[in-house]
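Below is one structure, written out as structure tokens; comments come after it.
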Amino acid sequence: MTECIFCKIIEGTIPSAKIYEDEHVYAFMDIMPLTKGHVLLIPKKHTENVYNFTAEEAGQLFAVAPKIANALKAEFNPIGMNLLQNNGAPAGQSVFHFHLHFIPRYDESDGFD
Ligand code: 5GP
Ligand code: ZN
């Protein structure tokens with residue numbers, strides 16, 4: 001049994017607000033959103049970080065990025081969006097299953113620095 005919380009989210013043993021899924025990737029709302037509409041996009045295959053991500057896996061994940069970004073733009077009407085990806089605890093990674101953050105931006109008071 002996996003101890004990875006994101007693997008458990010993919011398996012469905014931990015609930016999540018799913019916004020997209022295909023054969024290779026899964027996207028869901030962040031439980032502690034940095035701004036309104038904060039989403040995480042993850043590969044279904046457990047991969048800790050960018051160092052052990054293959055080019056094929058990266059392609060499958062980033063191929064979906066415009067779809068997620070456009071869905072968030074249509075839903076929340078942000079004026080900008082940060083795509084962010086942390087590797088290693090010193091870089092701010094707290095869940096060790098690769099994830100790409102989508103952080104919609106509104107104005108300087110949206111709470112994200
Ligand atoms: P990191 O700091 O590793 O780049 O980002 C991890 C993200 O995962 C954080 O934004 C955090 O709020 C989110 N997160 C952690 N646990 C859960 C969970 O159980 N469910 C969801 N939806 N998000 C989670
Ligand atoms: Zn995992």
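In UniProt numbering, the protein residues as written are 1 to 113. Cβ atoms here follow ideal geometry from the backbone N, Cα and C, with glycine treated the same way.
(request) In angstroms with no decimal places, state the Cα-to-Cα distance between Gly37 and Gly92. (result) Taking the sequence shown and counting its residues from 1, one reaches residue 37 at position 37. Taking the sequence shown and counting its residues from 1, one reaches residue 92 at position 92. Rounded to the nearest angstrom, the two C-alpha atoms are 20 Å apart.
(message) Contact between the stretch 64–77 and the stretch 13–25 is defined here as three or more beta-carbon pairs at a separation below 8 Å; is this criterion met?
(response) As far as the Cβ criterion goes, the stretch 64–77 touches the stretch 13–25, which means the pair count is three or higher.
(request) Put Lys18 into one of helix, strand or coil per three-state DSSP. (result) The residue given as residue 18 occupies position 18 in the sequence shown. Residue state, collapsed to three classes: strand.
(message) Using a Cβ-based criterion (distance less than 7 Å to any ligand heavy atom), does His46 qualify as near the ligand ZN?
(response) Locating residue 46 in the sequence shown gives position 46, counting from the first residue. Look at His46: its beta carbon is less than 7 Å from one of the heavy atoms in the ligand ZN.
(message) Classify Tyr51: buried if its beta carbon has 16 or more other beta carbons within 10 angstroms, exposed otherwise.
(response) On the sequence shown, residue 51 is found 51 positions in, with the first residue counted as 1. Exposed, by the Cβ-count rule.
(message) Taking a contact to mean a Cβ-Cβ separation below 8 Å, would you say His101 touches Glu48 in this structure?
(response) Translated into positions along the sequence shown, residue 101 becomes position 101. Translated into positions along the sequence shown, residue 48 becomes position 48. With a cutoff of 8 Å on beta-carbon distance, His101 and Glu48 are scored as not near each other.
(request) Using the Cα positions of Thr2 and Lys8, report the straight-line distance between them to the nearest angstrom. (result) As a working mapping, residue 2 is identified with position 2 in the sequence shown. As a working mapping, residue 8 is identified with position 8 in the sequence shown. In this structure, the alpha-carbon of Thr2 lies about 7 Å from that of Lys8.
(request) Compute every distance between the C-beta of Phe53 and the non-hydrogen atoms of the ligand ZN, then say whether any falls below 7 Å. (result) Along the sequence shown, read from residue 1 onward, the residue named residue 53 stands at position 53. Checking every heavy atom of the ligand ZN against the Cβ of Phe53, none is found closer than 7 Å.
(request) Please determine, among Val64, Pro43, Asp107, the residue with the shortest C-alpha to C-alpha distance to Phe76. (result) Numbered from its first residue, the sequence shown carries residue 76 at position 76. The candidate whose alpha carbon is nearest that of Phe76 is Asp107.
(request) Pick out whichever of Thr13, His99, Glu56, Pro104 has its Cα sitting closest to the Cα of Gly88. (result) Stepping through the sequence shown from its first residue, residue 88 is reached at position 88. Considering only alpha carbons, the answer is His99.
(message) Distance check for Leu34 and Phe112, CA to CA, integer angstroms please.
(response) Reading the sequence shown from its first residue, position 112 is the one you call residue 112. Reading the sequence shown from its first residue, position 34 is the one you call residue 34. Approximately 6 Å between the Cα atoms of the pair.
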